[in-house]
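Undergrad:
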Amino acid sequence: MAAQIRLNVRASSPGGPAPDAIGPAESCEDGSGVNSNQHDVGADKHGRGGLARDIVSFFIDSKLTPLVAIASILLGATAVILLPREEEPQIVVPMIDVFVDMPAASAKEVEQRVARPLEKLLWEIPGVEYIYSTSMPGRAMLVARFEVGHPAGEAVVKLNAKIAANMDKIPPGVSPPLIKPKSIDDVPILAMTFWSERYDHGVLRRVAAQVDDAIKAVAGVSETALIGGYPRRVRIIPDMTAMAARRLSLSDIAGAVAQANQPLPAGAIRQGDGEVLVETGAFLTDAEAVGAVVVGIHNGRPVKVADVARVTDGPDEPDQYVFFSRGAAWKGRIAEGWTPPSGGNAAGTPFVGSQFLPAVTLSVAKRQGTNAIEVAERVLRKIDELKGSIIPADVEVAVTRHYGRTAKEKADELIFHMAIAIVSVTVLLALVLGLRESMVVAVAIPVTLALTIAAFYFFGFTLNRITL
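Heads up: take any position in the sequence shown, counting from 1, add 24, and you land on my numbering.
#1: Let's test the definition: count the other Cβ atoms within 10 Å of the Cβ of Asn395 and tell me whether it reaches 16, buried, or not, exposed.
#2: Pull up the DSSP beta-bridge partners for Arg109, would you.
#3: On a Cα-Cα basis, can you pick out the residue from Phe348, Asp343, Ala313 and Gly393 that is closest to Thr336?
#4: Counting along the chain, where does the beta strand (DSSP E) carrying Tyr481 start and finish?
#5: Using 8 Å as the Cβ pair cut-off and three pairs as the minimum, do the region 140-150 and the region 168-188 touch?
#6: Excluding the five sequence neighbours on either side, which residues of its own chain have a C-beta within less than 6 Å of the C-beta of Ile469, listed in chain order?
#7: Please classify Leu459 as buried or exposed, where buried requires at least 16 neighbouring CB atoms within 10 angstroms.
#8: Around the Cβ of Ala139, are there at least 16 other Cβ atoms within 10 angstroms (buried) or fewer (exposed)?
#9: Here's a check: name, in chain order, each residue in its chain whose Cβ is nearer than 7 Å to the Cβ of Ile213, leaving out the five neighbours to either side.
#10: Taking 8 Å as the threshold (C-beta atoms), are Lys406 and Ile187 in contact?
#11: Can you confirm whether the region 128-135 touches the region 175-192 when touching is taken to mean that 3 or more C-beta pairs between the two stretches lie within less than 8 Å?
#12: Let's test the definition: count the other Cβ atoms within 10 Å of the Cβ of Ile260 and tell me whether it reaches 16, buried, or not, exposed.
#13: Could you please give the first and the last residue of the uninterrupted beta strand (DSSP E) stretch that includes Gly320?
#14: Would you tell me roughly how many angstroms separate the C-alpha atoms of Phe480 and Val211, rounded to the nearest one?
#15: So who's on the other strand from Trp219, going by DSSP bridges?
#16: Just curious, the beta strand (DSSP E) that Leu308 is in, first and last residue?
#17: Would you mind stating whether Thr430 and Pro108 have Cβ atoms separated by less than 8 Å?
#18: Say the cut is 7 Å; is the CB of Leu410 nearer than that to a heavy atom of the ligand SAM?
#19: In this structure, does DSSP put Gly162 in helix, strand or coil?
#20: Buried or exposed for Lys182, going by 16 or more other Cβ atoms inside 10 Å?
#21: Please tell me whether Ala431 has its Cβ less than 8 Å away from any Cβ of chain D.
#22: Have a look at Phe380 and Asp331 and give me their C-alpha separation to the nearest angstrom.
#23: How is Pro48 classed by DSSP in three states: helix, strand or coil?
#24: Helix, strand or coil for Lys434? Go by DSSP, reduced to three states.
#25: Select from Val180, Pro127 and Met264 the residue whose C-alpha is nearest the C-alpha of Pro161.
#26: What does Val242 pair with, by DSSP beta-bridge criteria?
#27: In whole angstroms, give me the CA-to-CA distance for Glu153 and Val122.
#28: Given Ile97, which residues of its chain have a CB within under 7 Å of its CB, disregarding the five upstream and five downstream residues?
#29: Tell me whether Gly315 sits in a helix, a strand or coil according to DSSP, three-state version.
#30: Please classify Val464: is it buried, with 16 or more other beta-carbons within 10 angstroms of its beta-carbon, or exposed?
#31: Taking DSSP as the reference, what is the three-state secondary structure of Arg257?
#32: Keeping to the same chain, check which residues put their C-beta closer than 6 Å to that of Pro205; ignore five residues upstream and five downstream.
#33: Have a look at the DSSP bridge pairing and note the partners of Lys193.
#34: Measuring CB atoms only, is the region 222-240 touching the region 276-295, in the sense that at least three cross pairs come out at less than 8 Å?
#35: Please classify Val346 as buried or exposed, where buried requires at least 16 neighbouring CB atoms within 10 angstroms.
#36: Within the same chain, show all residues whose beta-carbon is closer than 6 Å to that of Leu452, passing over the 5 residues directly before and after it, in chain order.
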């Protein structure tokens with residue numbers, strides 16, 4: 025069959041561009057007369073936009089779009105409520121402190137025999153970025169800092185394994201290394217200062233220690249620390265003349281007291297279907313119990329600690345002090361009708377009119393991944409429960425650091441500023457482009473931010489000044 029010959033000529037409208045040149049002749053083998061240069065308008069319409077255009081077209085025409093937007097905003101609002109809030113971001117930078125003791129050694133000897141060999145050993149651990157070392161008389165401290173993002177647990181395991189594999193290289197007279205990992209969660213989120221016009225540092229320390237034991241049972245609390253006050257100490261002051269007369273040494277007294285200060289199992293007594301466990305000894309609780317410990321026998325008579333030493337039970341020598349001063353907030357409470365406590369300390373010395381009052385601070389740190397606000401509020405509620413039982417009525421508790429409160433304030437402030445930014449952009453677009461375009465932005469930005477915050481919750485992030 026002879027092939028048909030067709031010419032393709034494109035016409036233009038009047039006043040429009042000139043018509044295209046005549047295309048090359050094409051043959052139609054089937055005689056249908058269809059020109060292969062003709063475009064499929066429908067395929068071109070959907071092909072040029074790609075996947076993004078198809079998604080946009082689907083949501084524009086779908087009736088589910090308003091429901092998806094509302095659900096996204098509700099999901100983001102729920103995530104804002106449930107997300108832990110912190111002031112600092114959770115940047116994983118593992119840092120591990122290593123302490124090594126070398127008694128009676130100078131700082132130079134500690135550096136040469138302990139610090140430098142340990143530095144070389146720690147540099148062999150993969151992931152270590154920096155090592156800081158400090159040598160002092162009788163002790164060396166090294167800090168190993170790993171790379172940012174290195175898993176903290178893996179870093180501790182590596183360092184422990186490296187040191188354990190080289191324990192045979194420790195010089196004589198050097199103690200085994202003490203390893204203490206550190207993280208951002210070790211920073212206290214709450215600090216409560218116990219102060220009184222009646223009691224001294226020693227009594228306040230005892231009150232704070234009892235509160236410390238109760239606070240550790242609160243959910244989310246990681247580490248607590250007492251700062252200031254006089255810790256209780258039972259001291260044995262030996263009488264060298266009495267010891268020489270009874271042929272005793274300091275090691276005899278130390279060994280006898282250490283052995284007596286522990287309960288030991290002494291077996292069991294069977295009674296019918298059960299048995300009663302028997303223990304001998306008990307922990308020493310006061311100076312009288314320590315003085316009654318037998319350290320030896322002289323001329324057929326037992327020699328007690330009180331016979332060769334003076335035993336005292338009281339506050340130890342402090343290495344730090346905490347004082348509380350009344351400022352403008354105190355005057356404000358008095359103006360509101362609050363009556364401050366008055367009296368004296370345990371020795372009868374009045375504190376009325378003093379500028380600085382004895383105090384003890386209890387700091388509280390939270391566990392990793394917990395909400396600083398919730399943990400702080402639970403601790404403060406526990407403090408309120410202890411008032412009147414463990415905490416006397418004339419002992420005041422001042423919150424001198426509330427990390428949870430400041431974290432909440434900063435997170436709320438950042439969220440408020442984000443809302444202001446959305447409203448400002450919407451108003452600006454309404455003035456420049458029109459109301460319809462501004463409404464699109466007013467819906468799109470909150471939905472996007474809500475989905476982002478929801479992703480934070482599912483991936484285990486926290487709300488802080490970096491993520492916001």
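Don't be surprised by glycine CBs; every beta carbon is placed ideally from N, CA and C.
TA: If we stick to the structure as given:
#1: The residue in question, Asn395, is buried, as its Cβ has 16 or more Cβ neighbours within 10 Å.
#2: Leu487
#3: Ala313
#4: No beta strand (DSSP E) holds Tyr481; the alpha helix (DSSP H) holding it covers Leu459 to Phe482.
#5: A contact exists between the region 140-150 and the region 168-188.
#6: Its chain contains Ile446 as the residues whose beta carbon lies nearer than 6 Å to that of Ile469, once the 5 sequence neighbours on both sides are disregarded; these appear in chain order.
#7: exposed
#8: buried
#9: The answer, listed in chain order, is Val388, Ala389, Lys390, Ala396, Val399, Ala400, Tyr427 and Gly428.
#10: no
#11: no
#12: buried
#13: Val318 to His322
#14: About 23 Å.
#15: DSSP lists Ala383 and Glu420 as the beta-bridge partner residues of Trp219.
#16: Element bounds for Leu308: n/a, residue is neither H nor E.
#17: no
#18: The model depicted lacks the ligand SAM and carries no ligand whatsoever.
#19: Three-state result, Gly162: coil.
#20: buried
#21: In summary, chain D is missing from the structure at hand, where a single protein chain is found.
#22: Cα-Cα distance, rounded: 42 Å.
#23: Unreliable placement is indicated for Pro48, whose pLDDT of 43 sits below 50; no coordinate value is reported for it.
#24: helix
#25: Pro127
#26: In the DSSP output, where bridge partners are listed per residue, Val242 has none listed.
#27: 16 Å
#28: Pro470, Val471 and Ala474, listed in sequence order.
#29: In the three-state reduction of the DSSP assignment, Gly315 falls in the helix class.
#30: exposed
#31: strand
#32: Ile120 and Val180
#33: DSSP, once it has assigned bridges, lists no residue as partnering Lys193.
#34: no
#35: buried
#36: Around Leu452: no qualifying Cβ.
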